[in-house]
Amino acid sequence: MSLPSIEPTIALELISRLGSDDAFRTLFSTDPAAALIEVGLSLDDATALEVCCKVNELASKADILQAKQDLQMMLTAKVNQIVPALDANPDGGHTLKGP
216 MSLPSIEPTI
226 ALELISRLGS
236 DDAFRTLFST
246 DPAAALIEVG
256 LSLDDATALE
266 VCCKVNELAS
276 KADILQAKQD
286 LQMMLTAKVN
296 QIVPALDANP
306 DGGHTLKGP
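Under this note's numbering, the first residue of the sequence shown carries the number 216, and numbering increases by one thereafter.
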């Protein structure tokens with residue numbers, strides 16, 4: 216199954232909002248598809264990407280902004296196996312950006 220790519224402007228808006236907007240971060244954590252629609256994705260694309268965007272604990276605003284370029288590449292890549300690394304602690308073993 217091929218996942219939809221995210222337009223660069225939408226990816227940038229998503230990263231910006233995740234790095235600054237507490238209400239949006241809460242929405243993304245509880246309903247990723249709704250958050251993706253809010254930044255401009257279509258319902259179909261947001262639904263397809265929802266499972267890839269679920270997080271146990273969303274990375275901090277500072278970590279997301281620090282990793283802005285990496286996230287931009289992940290979100291806009293046309294490679295189907297790349298999943299955005301937005302989870303601060305997916306299995307207790309690592310963070311978004313390590314030391």
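Cβ atoms here follow ideal geometry from the backbone N, Cα and C, with glycine treated the same way.
Item: Any non-hydrogen atom of the ligand NAP within 6 Å of Glu253 CB; Value: Absence of the ligand NAP from the depicted structure is noted, as is the absence of any ligand whatsoever, leaving it without description.
Item: Ala248 vs Thr262 beta-carbon contact at 7 Å; Value: yes
Item: CA-to-CA distance, Pro219 to Asp246, given in whole angstroms; Value: 18 Å
Item: Collapsed DSSP secondary structure at Leu290 in the structure displayed; Value: helix
Item: Residue environment, Val254, which counts as buried when at least 16 other CB atoms sit within 10 Å; Value: buried
Item: Backbone secondary structure at Leu273 - three-state DSSP; Value: strand
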